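Chains as they are written, first to last, in my numbering: chain A, 78 to 335; chain B, -4 to 51. Think of the CB as a built atom: it goes at the ideal place given N, C-alpha and C, for glycine as much as any other residue. All values reported here derive from a predicted model rather than from experimental measurement.
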């Protein structure tokens, strides 16, 4: 990862670590259930959770795997995740500070690699996917979930601006066709993919990143002034003077190493 | 604490080569870099590595 992007991520998540441990959107959800079902159906002896954040995916997989390794670029995030998982009694999870673009593991170390709600922060998704391929054993699976990019360029530019104002370390999200190209280029075969909708409460979503009241108001103004078709694409709910919620799409993919 | 299983799968993030595990740091002799262990967590970030030489 570029040093500048790495610093943006570390700054953003160093101060938001606690909020990610307690975030209900990250702790559970249809997307996590689906990843777990995929993992449970595969041999998941040793699992790597890349960019573990609050450790929610690592915790879920600790229940189906013999051993989980949770890695993240941000040390305070890892410490918060470790505290969270220890309190929940997950004794089979190890923690390593690592960059998704330069994973510190031997080739073929893992049966399954998970990466959930994280790839939109990576400076170079292609490099991360190549690293994931390398650390998977032959026959192993990548189980990936992230925010889905939008096909329409105006709508896509609108939501990217909203995301970046909230979180400067947000790089971008990718469309299904882009994901499939990244995975194929790395040598992975897409076995399953689908899209789900995920609703976001505005106060929780903006509050988790500790946006100032001013920045939040400016962002709300930006959303209000955006073309109606951009808001409609994400089902933005507005009252007379606030933003209530919106819904975005998430992609889920299972891709196997031959 | 870095357990034996983790030691067996950890590699240098730069060259993916073998590592030497010490109490407070992890050394890649090929890259001549030492990665810190902070608060029990191996910090395997190239940006955090210190120069290392075998005679020190």
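Does DSSP classify residue 116 of chain A as helix, strand or coil?
-> Here residue 116 of chain A is taken as the residue at index 39 of the first chain, counted from 1. Residue 116 of chain A falls in the helix class under three-state DSSP.
Option nearest residue 332 of chain A by Cα separation, candidates A:310, A:264, A:289 = For the purposes of this step, residue 332 of chain A is taken as the residue at position 255 of the first chain. Of the listed residues, the one whose Cα sits closest to residue 332 of chain A is A:264.
Between residue 233 of chain A and the rest of its own chain, which residues show a CB-CB distance below 8 Å, the 5 nearest in sequence each way excluded?
-> Position 156 of the first chain holds residue 233 of chain A. Contacts found: 226, 227.
Complete runs of the alpha helix (DSSP H) confined to the segment 130 to 204 of chain A [at least 4 residues] | 133 to 139, 152 to 164
Which residues, taken in chain order from the segment 199 to 216 of chain A, show a beta carbon closer than 7 Å to some beta carbon of chain B?
-> none
Consult DSSP for residue 284 of chain A and reduce its assignment to one of helix, strand or coil.
-> Here residue 284 of chain A corresponds to residue number 207 of the first chain, with the count starting at 1. Reduced to three states, the DSSP call for residue 284 of chain A is helix.
Chain-ordered residues of the segment 20 to 36 of chain B with a beta carbon less than 7 Å from chain A = 33, 34, 36
For the segment 157 to 179 of chain A, which residues have a beta carbon sitting closer than 7 Å to at least one beta carbon of chain B?
-> 171, 172, 173, 174, 175, 176, 179
Partner residues on chain B for residue 186 of chain A, Cβ-Cβ distance less than 8 Å = By one-based count along the first chain, residue 186 of chain A stands at place 109. Correct list: 4.
Can you tell me the Cα-Cα spacing of residue 101 of chain A and residue 291 of chain A, whole angstroms?
-> Along the first chain, one-based indexing puts residue 101 of chain A at 24. Along the first chain, one-based indexing puts residue 291 of chain A at 214. So the two alpha carbons sit approximately 25 Å from each other.
Nonlocal neighbours in the same chain, by C-beta distance under 8 Å from residue 83 of chain A, ignoring five residues either side | One-based indexing of the first chain puts residue 83 of chain A at position 6. Answer for residue 83 of chain A: 150, 176, 200, listed in chain order.
Where are the alpha helix (DSSP H) runs, 4 residues long or more, that stay fully inside the segment 229 to 276 of chain A, in chain order?
-> 230 to 243, 253 to 263
Would you report the Cα separation of residue 114 of chain A and residue 50 of chain B, rounded to the nearest angstrom?
-> Numbered from its first residue, the first chain carries residue 114 of chain A at position 37. Numbered from its first residue, the second chain carries residue 50 of chain B at position 55. Each residue's Cα considered, the two are about 51 Å apart.
Please determine if the segment 151 to 160 of chain A and the segment 242 to 253 of chain A are in contact, where contact requires at least 3 C-beta pairs separated by less than 8 Å.
-> no
With 16 as the cutoff for other CB atoms within 10 Å, does residue 274 of chain A come out buried or exposed?
-> The residue you call residue 274 of chain A lines up with position 197 of the first chain. Flag for residue 274 of chain A reads exposed.
Beta carbon of residue 320 of chain A nearer than 7 Å to that of residue 282 of chain A | Here residue 320 of chain A corresponds to residue number 243 of the first chain, with the count starting at 1. Here residue 282 of chain A corresponds to residue number 205 of the first chain, with the count starting at 1. Their beta carbons are not under 7 Å apart, which means residue 320 of chain A does not touch residue 282 of chain A by this criterion.
Interface positions of the segment 144 to 157 of chain A facing chain B (Cβ-Cβ less than 9 Å), listed along the chain | 144, 146, 148, 150, 152, 155, 156
Under the three-state reduction of DSSP, which class applies to residue 26 of chain B: helix, strand or coil?
-> In the second chain, residue 26 of chain B corresponds to position 31, counting from 1. Three-state result, residue 26 of chain B: coil.
Buried or exposed: where does residue 10 of chain B fall if 16 or more other Cβ atoms within 10 Å of its Cβ makes it buried?
-> Position 15 of the second chain, counted from the first residue, corresponds to residue 10 of chain B. The residue in question, residue 10 of chain B, is exposed, as its Cβ has fewer than 16 Cβ neighbours within 10 Å.
Looking only at C-alpha atoms, which of A:181, A:221, A:314 sits nearest to residue 195 of chain A?
-> The residue labelled residue 195 of chain A in the question sits at position 118 within the first chain. Residue A:221 is the option with its Cα nearest to residue 195 of chain A.
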